[in-house]
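Student: Under my numbering, the first residue of the sequence shown is numbered 0, with each subsequent residue one higher.
For each residue, glycine too, the CB sits at the ideal point set by N, CA and C.
Every value quoted in this text rests on a predicted model; they were computed, and no experiment measured them.
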Amino acid sequence: MRIFAAFIAEDKTAFMDGFIQGKKISDFKDNRGNKMKDIVLRKRLEDYDSQISDVYKKSSGYVHLSDVAFYSSVCAKDNYRIEFSVGLPIREEANEILIEGADAFIHYTLLQYQLLQAVVESKKRVDENSIL
Numbered sequence: 000m001r002i003f004a005a006f007i008a009e010d011k012t013a014f015m016d017g018f019i020q021g022k023k024i025s026d027f028k029d030n031r032g033n034k035m036k037d038i039v040l041r042k043r044l045e046d047y048d049s050q051i052s053d054v055y056k057k058s059s060g061y062v063h064l065s066d067v068a069f070y071s072s073v074c075a076k077d078n079y080r081i082e083f084s085v086g087l088p089i090r091e092e093a094n095e096i097l098i099e100g101a102d103a104f105i106h107y108t109l110l111q112y113q114l115l116q117a118v119v120e121s122k123k124r125v126d127e128n129s130i131l
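1. Using only CA atoms, which one of Gly21, Ser52, Ile2, Arg1 lies nearest to Ala103?
2. If you check the beta carbons only, do Met35 and Ile19 fall under 8 Å apart?
3. Considering only their Cβ atoms, is the gap separating Ala4 from Met15 smaller than 8 Å?
4. Enumerate, from N- to C-terminal direction, the unbroken beta strand (DSSP E) stretches of 3 or more residues contained entirely within the region 81 to 130.
5. The beta strand (DSSP E) that contains Ala75, what's its start and end?
6. In the DSSP assignment, what are the bridge partners of Asp48?
7. Helix, strand or coil for Lys42? Go by DSSP, reduced to three states.
8. Closest to Asp29 by CA distance: which of Lys22, Asp10, Lys56, Ile38 is it?
9. How close, in whole Å, do the beta carbons of Leu114 and Tyr47 come, if the pair is a contact with beta carbons under 8 Å?
10. Out of curiosity, what's the CA-to-CA distance linking Ser72 and Arg43?
11. Buried or exposed for Ile89, please, with buried defined as at least 16 other CB atoms from any protein chain shown within 10 angstroms of its CB.
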């Protein structure tokens, strides 16, 4: 979503300068005058990818330590014991959650590729026309 923000920023140069300086993306406006909060970016991305909201909700749960992330790190053991696991080794029971996270990563990567591919193709057309 951060890369997408660069494409729809009201002032692309100011956005890139601010981004490099570590400013919050939500402090900048998009080309429709909206502050670029996650919800705005997510809604705008839906024009390109109808699944983005579902993928975002699932993946942000891991980033923001939601109940899904917490419960995937806790495992019931015998005699009313629980085991809390962070880091390695990874329990076999965590595979489903890890695969879901990997699927979200792959989804974002493919979306990013799709968006950047349009830029590459546009650049090729400009380069070809400037040679003539």
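Tutor: Reading off the structure:
1. Looking up residue 103 in the sequence shown gives position 104. Per the C-alpha coordinates, the member of Gly21, Ser52, Ile2, Arg1 positioned closest to Ala103 is Ser52.
2. In the sequence shown, residue 35 corresponds to position 36, counting from 1. In the sequence shown, residue 19 corresponds to position 20, counting from 1. In this structure, Ile19 does not lie closer than 8 Å to Met35 by Cβ.
3. In the sequence shown, residue 15 corresponds to position 16, counting from 1. In the sequence shown, residue 4 corresponds to position 5, counting from 1. No, they are not a contact pair.
4. Listed in chain order, the complete beta strand (DSSP E) runs (minimum 3 residues) inside the region 81 to 130 are 81 to 83.
5. Stepping through the sequence shown from its first residue, residue 75 is reached at position 76. Where Ala75 is concerned, the enclosing beta strand (DSSP E) starts and stops at 73 to 75.
6. Counting from 1 along the sequence shown, the entry for residue 48 is found at position 49. Beta-bridge pairing links Asp48 to no other residue.
7. In the sequence shown, residue 42 corresponds to position 43, counting from 1. DSSP places Lys42 in helix when its eight states are reduced to three.
8. Position 30 of the sequence shown, counted from the start, is the residue given in the question as residue 29. For Asp29, the closest of Lys22, Asp10, Lys56, Ile38 by C-alpha to C-alpha distance is Asp10.
9. Here residue 114 refers to the residue found at position 115 of the sequence shown. Here residue 47 refers to the residue found at position 48 of the sequence shown. About 7 Å; that satisfies the 8 Å criterion.
10. Counting from one through the sequence shown, the residue named residue 72 turns up at place 73. Counting from one through the sequence shown, the residue named residue 43 turns up at place 44. Their backbone Cα atoms lie some 33 Å apart in a straight line.
11. Locating residue 89 in the sequence shown gives position 90, counting from the first residue. Exposed.
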